[in-house]
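J.: One structure follows; several queries about it will come next.
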Amino acid sequence: MVITELDIGGAEKAFVRLAHGLVFSGWNVRVICLRGPGPLGQELQDREIPVEYLNCGGFADVRAPFRLAASLRKQRPDIVLSFLHQANVASRIACRLTGVPVQVSGIRVADRRLSVLLTERLTARWTTHCVAVSEHVATAHRRISRLPDSQISVIRNGVDWQLLSQLPPADRRQFAWDDSNFIILSVGRLEPQKDPETLLQAFRILQAQQPALPRQIRLLFVGDGPLRSVLEHRVRMYELEDVVHFTGWRPDAASLIRMADVLVLASRWEGLPNVILEAQAVGTPVIASAVDGCLDLVDDQLTGRLFEPGNAERLATDLLTQITQPHKAARMAHEAAQQIRRLCSWDACIDSYHQLLLRLLPKNETSGQQ
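For the sequence shown, counting from 1, position 267 maps to 256 in the numbering used here; every step adds exactly one.
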């Protein structure tokens, strides 16, 4: 199995969970990470899954497919399953160079940047099969790659809703907040894709209406990334230091989700966001941008609220409605929880991958190495 990086992120966590599941299903799994060591690598090694780091740079690092090819020549796998765009492209080239018979690309987001469109279209012919994380991502990838329907499957991530439901909510007092506060939560990388700037702008619009609101609003950013310093500067400039808090990455993010009154995901593009799955599984209301995988998870006004990406005014309006109509928000959250618990299990996800890989495995092989 090949992945771009093993930092904390939704796709990376799903990759690690899938690796564990495939080992349990009888596959001989080895992991290759194109970049350097990340925090999730240790989790793999703790489960005795070997991890090799190629220490390559970003997408422009042309060494990646050749370093990967050198590793594949030593390991001689039957199947290479990759996650994330750089790993997908490098794996296709490396498999072609080394004669690995099966290459499966995990399509995690519908990334429409020109560099992604061009490299996907150029290398898609060298993949055996693509697995999209949602129907909307699959539809977008068909247009991008021009692959036939027979070469693209959809397998959703799972969610451990039973485990998550047993976690206690985080204590609001650690932020000097209490039940009188309405907590708006963002969990994810602070980078342009996630568009935290739109959320901060919506919060500023809402804050101007604070005297008329039934509860004191607070905004909590959980995560880190290149936009953190920009956001912190704007918080100071807007004089919002007392009501906006940044935690960095937190191992108890799931408990913070249970603590929050609403989770907001303002992304400009997405795959099937784990953070929405987790929020819906535990009954936390969700407001999300109307993009790709968010559309697969949130039915507007039935299981949550959707807004146009980048539209801070509409997001502020949705947040206002959430605050002033708590019973409707609770009903939608309950419906979302029932839907997610019915449709998104890790057992089903792992079994779908297992069956797909068995089908693609060369006929003369009786055991698989990835």
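Note that CB positions come from ideal geometry on N, CA and C, so glycine has one too.
(1) Under DSSP, the alpha helix (DSSP H) around ILE329 begins and ends at which residues?
(2) To the nearest whole angstrom, what separates the beta carbons of LEU11 and TYR342, a pair I think is in contact under 8 Å?
(3) By DSSP's criteria, HIS234 is part of a beta bridge. Which residues make up the other side?
(4) Could I get the ranges of all uninterrupted beta strand (DSSP E) runs contained in the region 67 to 120, with 3 residues as the minimum, in chain order?
(5) Are the beta-carbon atoms of CYS333 and VAL148 separated by less than 8 Å?
(6) Would you check if the region 238 to 246 and the region 109 to 121 touch, i.e. whether three or more CB-CB distances between them fall below 8 Å?
(7) With a threshold of 8 Å, are at least 3 pairs of Cβ atoms found where one atom belongs to the region 296 to 309 and the other to the region 191 to 206?
(8) Between the alpha carbons of GLN328 and TRP335, how many angstroms are there, rounded?
(9) Rounded C-beta distance between ASP285 and SER94? I'm assuming under 8 Å.
(10) Tell me the rounded alpha-carbon separation between ASP213 and ILE173.
(11) Just the C-alpha distance for PRO39 and LEU152, rounded to the nearest angstrom, thanks.
(12) Secondary structure at PHE296, three-state DSSP: helix, strand or coil?
(13) At what residue ranges does the region 238 to 309 contain a whole run of the alpha helix (DSSP H), taking only runs of 4 or more?
(14) Quick one: Cα of LEU57 to Cα of ALA79, how far?
(15) Could you tell me the boundaries of the beta strand (DSSP E) in which GLU41 lies?
(16) Name the residue from ASP340, LEU295, GLY299 and VAL18 whose alpha carbon lies nearest to the alpha carbon of ALA277.
(17) CA-CA distance, SER14 and ILE82?
(18) Report yes or no: do three or more beta-carbon pairs, one from the region 214 to 226 and one from the region 257 to 266, lie closer than 8 Å?
(19) Take ASN77 and list the residues in its own chain whose beta-carbon comes closer than 6 Å to its own, dropping the five residues that flank it on each side.
(20) Have a look at the DSSP bridge pairing and note the partners of SER142.
(21) What's the call for THR112, buried or exposed, on a 16-neighbour Cβ count within 10 Å?
(22) Compare the Cα-Cα distances from GLN44 to each of ARG36, PHE55, GLU186 and ASP35 and report the closest residue.
(23) Check the DSSP bridge columns for PHE171 and list the partner residues they point to.
T.: So, to answer that:
(1) According to the DSSP assignment, ILE329 belongs to the alpha helix (DSSP H) that extends over 315 to 332.
(2) 7 Å between Cβ atoms; contact.
(3) According to DSSP, HIS234 bridges with LEU209.
(4) DSSP assignment within the region 67 to 120 yields the following whole beta strand (DSSP E) runs of 3 residues or more, N-terminal first: 68 to 72 and 91 to 96.
(5) In terms of Cβ geometry, CYS333 and VAL148 form a close pair [threshold 8 Å].
(6) The region 109 to 121, when compared against the region 238 to 246, does not touch it at the 8 Å Cβ threshold.
(7) Contact between the region 296 to 309 and the region 191 to 206 is present, because at least three Cβ pairs lie under 8 Å.
(8) GLN328 and TRP335 have their C-alpha atoms spaced approximately 15 Å apart.
(9) 19 Å between Cβ atoms; not a contact.
(10) Taking the straight line from one Cα to the other gives about 17 Å.
(11) Separation of PRO39 and LEU152 (C-alpha to C-alpha, rounded to the nearest whole angstrom) is 27 Å.
(12) Strand at PHE296.
(13) Qualifying alpha helix (DSSP H) stretches, in chain order: 242 to 248, 263 to 270 and 281 to 286.
(14) In this model, LEU57 and ALA79 are separated by some 7 Å (Cα to Cα).
(15) Unbroken beta strand (DSSP E) run through GLU41: 40 to 42.
(16) Per the Cα distances, LEU295.
(17) Going from the Cα of SER14 to the Cα of ILE82 covers about 28 Å.
(18) As far as the Cβ criterion goes, the region 214 to 226 does not touch the region 257 to 266, which means the pair count is below three.
(19) For ASN77, where only same-chain residues beyond five positions count, the Cβ hits under 6 Å are SER71 and SER94.
(20) When beta bridges are read from the DSSP output, SER142 appears opposite VAL120.
(21) It is buried - the Cβ of THR112 has at least 16 other Cβ atoms within 10 Å.
(22) Before going on, a small fix: residue 44 reads as Asn here, not Gln. Out of ARG36, PHE55, GLU186 and ASP35, PHE55 has the C-alpha closest to the C-alpha of ASN44.
(23) Paired residue(s): ILE206.
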